[in-house]
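All remarks here apply to the structure that follows.
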Amino acid sequence: MKREYSIFVGDVALDEYYKAPYWPNISEKLIVETLKPNIGGMIANAASVYAGYGESTFFVSLLNSGKVTRKLLKNLDEGGIDTRYILYDDNLPDSKTIVFLTENDHTIFIPNLGINYIDITPEVFEAIKGAKLIYTTIMEIKRLRYNQLEAIDIIKEARSLGTRFVCDLDVAHLEPGDEKYIKEMDIVFFNQMGFRVYQKGTSYEKAILKLLEYGIEIVAVTMGANGANIHTREKKIHVPGIPVEVVDVTGAGDTFCSSFIYAMSKSSNLYTVSNFANAAASRAVTRMGPRGGVTKSKSVIDFMKEKGLEVGEEYQSFLESR
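Note that this note's numbering has the sequence shown beginning at 3, numbered continuously upward.
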């Protein structure tokens with residue numbers, strides 16, 4: 003059976019933006035500039051980028067059914083993301099995040115919505131088992147339940163049928179017991195800060211080796227302006243950063259991750275895949291808002307050419323319509 007679609011399991015939120023001249027000290031008062039809010043959410047950003055490339059994309063989340071949610075889902079629908087598997091609980095608050103831009107970086111506050119479990123429907127369970135990829139975070143995926151099945155059982159059953167799991171570990175906000183979920187992932191992404199947290203005092207190399215020994219196929223560590231490292235059991239690839247004028251780094255990591263898995267569907271060459279994802283993320287930070295990476299593959303390839311990067315015949319498949 004050919005698997006034609008991917009499911010993104012996680013958050014979508016209204017991002018309230020503020021710009022500060024610097025990050026304040028404790029007890030300091032600082033006047034900040036209120037900017038236009040954007041629709042974001044880490045997983046929704048990644049889903050939007052993925053759908054922008056023309057990939058069949060579904061979204062699973064638990065939200066209330068209020069005005070803010072309707073706005074969020076309208077945005078996803080307009081971006082080509084199928085929201086039929088959204089679940090609802092009107093006891094939940096609105097899904098929002100607070101983003102502070104300071105110089106060339108950002109700080110994000112994510113309010114806890116108080117979700118302990120997400121009881122999925124039979125339709126969602128069947129969709130997960132039939133998906134090509136499930137893209138998520140540990141915090142999001144471990145909440146899923148189906149009848150007597152806990153999240154780990156859902157993951158194992160889906161993987162046994164051919165579904166691959168992709169996890170954005172980001173800044174590695176892990177809790178005791180989360181390692182068992184990491185062991186079930188096929189591809190994991192960290193940012194540099196998150197990987198330092200995950201190392202827990204061990205060397206970079208030992209931490210990478212541990213993950214690969216779990217059976218994880220690819221471990222990627224993004225390093226902002228310094229590019230990214232991609233690890234498999236056979237090789238390590240470093241893609242250098244691309245100099246750009248930074249406008250907003252929000253969503254750059256999400257752009258890298260979803261561009262990477264999209265590129266994997268177009269090329270088996272890991273260098274090609276990594277360079278495309280790196281360029282997509284670099285292009286994204288030149289635009290305002292968490293969805294700055296949403297574009298067609300041709301725009302990313304044109305950006306690579308503008309920056310003097312080699313774009314050979316291996317990228318031709320990225321330009322072919324689906």
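Built from N, CA and C at the ideal position, the CB exists for glycine as well.
When V62, S97, K69 are compared, the shortest CA-CA separation from D84 is found for V62. Going by beta carbons, N40 and G291 fall inside the 8 Å limit.
When DSSP states are grouped into helix, strand and coil, A230 belongs to the strand group. If you ignore the 5 residues before and after D250, its C-beta comes within less than 6 Å of the C-beta of M290, all in its own chain and listed in chain order.
For I136, no alpha helix (DSSP H) run applies; the uninterrupted beta strand (DSSP E) run containing it begins and ends at 135-138, by DSSP.
Inter-segment contact for the stretch 100-114 and the stretch 136-148 is absent: fewer than three beta-carbon pairs are separated by less than 8 Å. Residue burial is scored here from C-beta neighbours: N277 has at least 16 other C-beta atoms within 10 angstroms and is therefore classed as buried.
One Cα belongs to Y273, the other to S67, and the distance between them is close to 43 Å. With contacts defined by Cβ atoms closer than 8 Å, R293 and G253 form a contacting pair.
Classified as buried, L78 has 16 or more neighbouring CB atoms from the shown chains inside 10 Å of its CB.
Between the alpha carbons of R5 and L37 lies a distance of about 41 Å. The count of Cβ pairs closer than 8 Å, one atom from the stretch 86-94 and one from the stretch 23-37, stays below three, leaving the stretches out of contact.
Of the candidates S270, F197, M225, the residue whose Cα lies closest to the Cα of L213 is F197.
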